[in-house]
Amino acid sequence: MDVPVETLHEMFYQIVLARTLDERMWVLQRQGQVAFHISGMGQEGIQVGAAFAMDRERDFLFPYYRDHAFVLAWGMTPRELMLGLFARKGDPASGGRQMPAHYGHRRLRIVSQSSPVATQIPQAVGIALANELRGEDVVTIVCFGEGATSKGDFHEGLNFAAVHKAPVIFLCQNNQYAISMPQSKQMAIENVSDKAVGYGMPGVTVDGNDVVAVYKAVREAAERARSGGGPTLVEAKTYRIVPHSSDDDDRLYRSREEVERWKKKGPIIRFRKFLYENNLLDEESEARLQAQAIAEVDEATEFARQAPFPDLKNAIRPVYYGD
Amino acid sequence: MDVPVETLHEMFYQIVLARTLDERMWVLQRQGQVAFHISGMGQEGIQVGAAFAMDRERDFLFPYYRDHAFVLAWGMTPRELMLGLFARKGDPASGGRQMPAHYGHRRLRIVSQSSPVATQIPQAVGIALANELRGEDVVTIVCFGEGATSKGDFHEGLNFAAVHKAPVIFLCQNNQYAISMPQSKQMAIENVSDKAVGYGMPGVTVDGNDVVAVYKAVREAAERARSGGGPTLVEAKTYRIVPHSSDDDDRLYRSREEVERWKKKGPIIRFRKFLYENNLLDEESEARLQAQAIAEVDEATEFARQAPFPDLKNAIRPVYYGD
Amino acid sequence: MAEKMLLQAIHDGLQEEMARDDRVLVLGEDVGRRGGVFKVTEGLIDEFGEDRCMDTPLAELGIIGVAIGLALNGMRPVAEIQFADFIHPAFDQIVNEAARFRFRSAGTWTCPMVIRAPYGGGIGGGLYHSQSVEAFFAHVPGLKIVVPGTPYDAKGLLKAAIRDEDPVLYFEHKKTYRLVKGEVPDEDYVVPIGVAAVCREGTDLVAFSYGLMLQETLRAAEEVAAEQISVEVVDLRTLRPLDKEMILEAVRKTGKAMIVHEDNKIMGIGAEIAAVISEEAFDYLDGPIVRVAPPEAPAVPYSPPLQEYFMPNAAKIAKAMRRLAAY
Amino acid sequence: MAEKMLLQAIHDGLQEEMARDDRVLVLGEDVGRRGGVFKVTEGLIDEFGEDRCMDTPLAELGIIGVAIGLALNGMRPVAEIQFADFIHPAFDQIVNEAARFRFRSAGTWTCPMVIRAPYGGGIGGGLYHSQSVEAFFAHVPGLKIVVPGTPYDAKGLLKAAIRDEDPVLYFEHKKTYRLVKGEVPDEDYVVPIGVAAVCREGTDLVAFSYGLMLQETLRAAEEVAAEQISVEVVDLRTLRPLDKEMILEAVRKTGKAMIVHEDNKIMGIGAEIAAVISEEAFDYLDGPIVRVAPPEAPAVPYSPPLQEYFMPNAAKIAKAMRRLAAY
Ligand SMILES: Cc1ncc(C[n+]2csc(CCOP(=O)(O)OP(=O)(O)O)c2C)c(N)n1
Ligand SMILES: Cc1ncc(C[n+]2csc(CCOP(=O)(O)OP(=O)(O)O)c2C)c(N)n1
Ligand SMILES: [Mg+2]
Ligand SMILES: [Mg+2]
């Protein structure tokens, strides 16, 4: 499976854009302009690789709170994400009702997400089954961390999907921590993909810092789903290079050396090197991309900062149809 | 691992006794003397084999509703089980509060069981952990059907046990049906023991109609647990040769041929043949055992039939300490 | 019109809705060949196939989670929980998820789905096959809750629930399945959610009830009628949203109110009704608001005399009616 | 005696109980090195080791299920649920299991355990980090529920909960953690479960509250005092079992009652209190029983103006007090 050059370029820009936006969000939070940020830094390679492997015109995406780069690559705009961060009017996910990074976009088939970890997994199976029942050629991809795999929702969802051959991809973004809990306290195995064995579905582990590898693995899973082969569990291994959220202090539970070591293996550094080595990127075009990303993010920030707060009726409606 | 002849004899008697009691319970239910019966028929081989592999003086047993033969072999008496069936005063499990077959016996370390499937699994892990924390040489065995493996409780319990190396044995009595649902609608795999892979614990499948094989598998798991090796998932395959319960009509969902085929492979027929072939049983001693079992069951039935109903205060107490 | 058992009315309602709208499907444990453990879904698999009468693994969280996904993506799932006692593993999916999709997504993602669950005691089910669980869910904005008391309402409320744009919990009392019979029209009709029904007119006091207890309350009202106590009986039918108007009107008319339910008293539906009355019809009250409910023990015990002792019944209700009428 | 934050009082209570009784252990997500996301368990891992300050997988059902097992087998687990909003996956284990062991086993198996959960809004947590969940559990025989409103009570109730022979839910309001300070004795003491406290004497009406809302209610009472309205304020402290005697006594004294909580109104704790009063103190009532609670939307929205609009506060409570006093 060869990845078209154009796709590689687009992917690179999306990763740069996501990182630029994410960095800005940290700054806004540290400046006190917004109350909270939860970051996807380090996981952009997984998310952009996976997004491009799907059919973004038809498929469903059920993201989780780090899927910043995923929803951008899927079609959400920096403005929309900034509106969510500032919790202003026009936030397409929740109209300011939910915390930032609780994505959702009806038109783009990005399903509304809550905070309780892993609840989206069986729901994604139901979404996929609906398409299957109607005979539609649509695949659902659902994301979560390795911590989420400990929950009953993961188990019941994957088992259901395997028994009913639902066209769904379970994408575990294994960043080795669940807040302060290292993987070793979360599970007694090395590879999350081994969990697929117990469900009778294929499981693969891929280097999540390698955009192209993720792209290929997800593409393969999507093709399997489209051709009636049912679900796949894809584990993409990476590392959370930032604290869990703006409320966390990760120095309490891990060394700076560990973090620095992993930062060097990050998806941007790696993808950039790959592109340079294959003469697909040069300094000039990279600078142009960076400038473009900054401009987009600047514009989005200003837009959201000046956006009004949501109308007060958003505090209490709509709870039922017709509200 | 050789099984002492004495143990083989004891095991055979326990199986015969359990079957005799179980058959009587069906009769009592069909006669309308009791309202409900749920049977362990066909699973006695697993249960007796496993019971004898444990240290019944120290270990904990967390049974499920088919563990008729298990709790008998563990030390409960036919009288106690009959009191439960008739829901009379003196029922040690619940004082008549719970449905029959909801076992429990404080002195024997048989933990009180509810109806919701699989809830006992994480609880058993906690029980095992308590012994581990106190440095005691005690193992917990917990039973459930293959249907129970679909629940989040199974998943969260096994994962927890593996991470914390709890001295617990998960004994799945795979009788191929969960009420009307064949295994194929329950999971997309052949062997429940494959689920152990995802937790990082050993998983074994054993022929549940082979008493000695079960004895050996559980013994090995118990030794592992005792020596700090943590949990094991043991799957014992058998077949439910009777309807789910006295409320069920299994002709709705499976053929008589299938049932008859499996009846022939049952644990009693098989164990009996093994004993005869090894000259460990002859017709005379078998007849004596049968007669003894019938006498025990007769006595227990009469005892329970004449026992008074529970005091009415049992309907509302004790809810809190001191009630 | 034909006389039908409540069980049959539910079955027919399901069958008709599935025939009317191919987005409707049922899913749950044993709903296929077995027809459900109570036979409510009998024959649906033959008529609509395995895809629309879907046997599921033994996993209530999964059943509801999957049903939510189906609803989010254009289907109209009717999920069966085999016994209401087993709905708790799905509590998170119902309360945190199904109930909140509309609100949390600014109305862009919605969950039109029905959860059917047989509930209630008096059938020898013991602690875990007898529970009343409606009160837990009645606290949750975003959910609707119905409990039919007659075959007519059973069918009409089920159709309304399936056609509703929001998640609806539909609790059916197991003991009423075959016990309660009544006329059910052949033509299509719905019973609107949120509307209570006056089942018996009266002037001295009003008793609110639902499910199996409605039968016992009606028998009690009949019993005390012989003693010149005139009791109005209201079938709540919907527990969320409560029909506040009808409740308050009945209290304004009679001046005395009683609530009868099988669920535990503390924090049961009766608490909310008493609170609404004492907040909004205080000036009309001529006596304390009385709740008739079982003792504060965790669900119905199995042994027949214990079960009998536990369950409210016409005699116990009549006693409370006499006392309140005399106040 | 020293002045402490409520958070510190909980921490100290845990530490002292663990030192006193080696059956006591804490378990939950991030309770170890991280000290919990709010730092309530800070340092416990250093003092008591990993076995007694146990980090667990991300699995609330599992945490509670395992805690039940520990309790059944002689330990005194204190399980932490990171946010009350995430307690729902464990609903089955709490309601069907922990609450029922004593009853279902004729008292032979029991579950002495504590579940701690930070709850409540006003801290920018949005729908899923702001919930009040106490009402669900207040319906369940076999459970006890406490909500401390002061540092003194926080420590005393925690000790009582840990020493209790039954499962106790201990809800701590996140916003009170650092906001509410008060004197805490150095010596060992417990605050008994089931006993409310009069925080302010008054004669015109009584307002019942708990948690963060207690602070707002006290502020409101202060505000209307300037207008010659004398409000008695009662901190419920325990929500199950309710201190019925103190509740009824306060109503008999003042003749008018109000309940203030942050949880949704319908089927909230206020419903039960109103029901108890209208059933057992009817003759003493001089006015409707008023409930002050947020609008019927599913939990607190995130955006600051929305959150502000949603939460009850002193101004809203004072308004209701004036209206009731004038009735
Ligand atoms: C059911 C539930 N329990 C606890 C939390 C608190 N919490 C939020 S994120 C998180 C860790 C999740 O770890 P993982 O799934 O690995 O995802 P990551 O954050 O590492 O991307 C926890 C414990 C929650 N949101 N939901
Ligand atoms: C949570 C829950 N859901 C549903 C039921 C109803 N039910 C009782 S037994 C059973 C089947 C269990 O199958 P399995 O675990 O294979 O055990 P078996 O009965 O075959 O021994 C079901 C669905 C239940 N008791 N608990
Ligand atoms: Mg992680
Ligand atoms: Mg089975």
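Protein sequences appear in the order of chains G, P, A and H. Residue 5 is where the first sequence starts when you use our numbering, and the numbers rise one by one after that. Residue 5 is where the second sequence starts when you use our numbering, and the numbers rise one by one after that. Residue 8 is where the third sequence starts when you use our numbering, and the numbers rise one by one after that. Residue 8 is where the fourth sequence starts when you use our numbering, and the numbers rise one by one after that. Just so it is clear, CB atoms sit at the ideal spot from N, CA and C, and this is done for glycine as well.
Close beta carbons around residue i, own chain, < 6 Å, minus the five adjacent residues each side
| i | result |
| --- | --- |
| F64(G) | R113, I131, T144 |
| G88(P) | D95, A97, P104 |
| K188(H) | E10, M12 |
| P155(H) | A161, L164 |
| D270(A) | S139, A142 |
| P171(P) | A132, E136, V143, A229 |
Where the alpha helix (DSSP H) through residue i begins and ends
| i | result |
| --- | --- |
| I169(A) | 158-170 |
| I50(P) | 48-57 |
| L221(H) | 219-232 |
| R330(H) | 321-333 |
| K317(G) | No alpha helix (DSSP H) holds K317(G); DSSP gives it neither H nor E. |
| H13(G) | 9-34 |
| G277(H) | 276-287 |
| S289(P) | 287-310 |
| P311(A) | 311-317 |
| P82(G) | 82-90 |
Boundaries of the beta strand (DSSP E) in which residue i is found, first to last residue
| i | result |
| --- | --- |
| A9(A) | 9-12 |
| Y257(G) | No beta strand (DSSP E) contains Y257(G), which DSSP labels as neither H nor E. |
| F148(P) | 144-149 |
| S216(A) | 212-216 |
| G189(H) | 188-191 |
Close Cβ partners of residue i (< 7 Å) along its chain, the five nearest in sequence each way excluded
| i | result |
| --- | --- |
| Q190(P) | E150, G151, S154, A182 |
| N195(P) | T209, E239 |
| T11(G) | F56 |
| E303(A) | N271, K272, I273 |
| I50(P) | Q177, G212, V218, A240, T242 |
Contacts that residue i makes with chain A (C-beta to C-beta distance below 9 Å)
| i | result |
| --- | --- |
| F90(H) | None at all; the shortest Cβ gap to chain A is about 11 Å. |
Under 9 Å from the C-beta of residue i: neighbouring residues of chain G
| i | result |
| --- | --- |
| G204(P) | M191, A192, I193, E194, D198 |
Chain-ordered chain P contacts of residue i [CB-CB under 9 Å]
| i | result |
| --- | --- |
| N178(G) | None at all; the shortest Cβ gap to chain P is about 14 Å. |
| L134(A) | S98, R101, Q102, M103, H106, S118, S119 |
Neighbour list for residue i in chain P, Cβ cutoff strictly below 8 Å
| i | result |
| --- | --- |
| F110(H) | R101, R321, P322, V323 |
| E303(A) | I320, V323 |
Contacts of residue i in chain H (Cβ-Cβ under 8 Å)
| i | result |
| --- | --- |
| L316(G) | P312, L313, Y316 |
7 Å Cβ cut-off: residues of chain H touching residue i
| i | result |
| --- | --- |
| V102(A) | H95 |
Nonlocal neighbours in the same chain, by C-beta distance under 8 Å from residue i, ignoring five residues either side
| i | result |
| --- | --- |
| G204(G) | A166 |
Do the segment 133-145 of chain H and the segment 257-266 of chain A touch if we need at least three Cβ pairs shorter than 8 Å? no
Interface residues of the segment 63-95 of chain A facing chain G [CB-CB below 9 Å]: T63, P64, A66, E67, L68, G69, I70, I71, G72, V73, A74, I75, G76, L77, A78, L79, N80, G81, M82, P84
Are the segment 180-197 of chain H and the segment 211-219 of chain H touching, with three or more C-beta to C-beta distances below 8 Å? yes
Does the contact criterion of 3 or more C-beta pairs under 8 Å hold for the segment 312-322 of chain P versus the segment 289-298 of chain A? no
Which residues, taken in chain order from the segment 81-92 of chain G, show a beta carbon closer than 8 Å to some beta carbon of chain H? A91, R92
If contact means a Cβ-Cβ distance below 7 Å, which residues of the segment 147-167 of chain G contact chain A? G156, D157, E160, G161, N163, F164, V167
Within 8 Å, do at least three Cβ pairs link the segment 221-236 of chain H to the segment 319-333 of chain H? yes
Does the pairing of the segment 235-254 of chain G with the segment 38-52 of chain G give three or more beta-carbon distances under 8 Å? yes
Assess, as a yes-or-no matter, whether the segment 188-208 of chain H is touched by the segment 233-251 of chain H under the definition of 3 or more beta carbon pairs within less than 8 Å. yes
Got a sec: which bits of the segment 29-46 of chain H sit with their beta carbon under 8 Å from any beta carbon on chain G, in order along the chain? E36, D37, G39, R40, R41, G42, V44
Flag this pair as touching only if the segment 219-236 of chain G and the segment 257-269 of chain G have three or more C-beta atom pairs under 8 Å; answer yes or no. no
Taking one C-beta from the segment 75-92 of chain G and one from the segment 29-41 of chain G each time, how about it: are there three or more such pairs within less than 8 Å? yes
Mind checking the segment 241-268 of chain P against chain G and listing, in chain order, the residues whose C-beta falls within less than 7 Å of any C-beta there? none
When the Cβ atoms of the segment 45-54 of chain H are set against those of the segment 58-71 of chain A, are three or more pairs found closer than 8 Å? no
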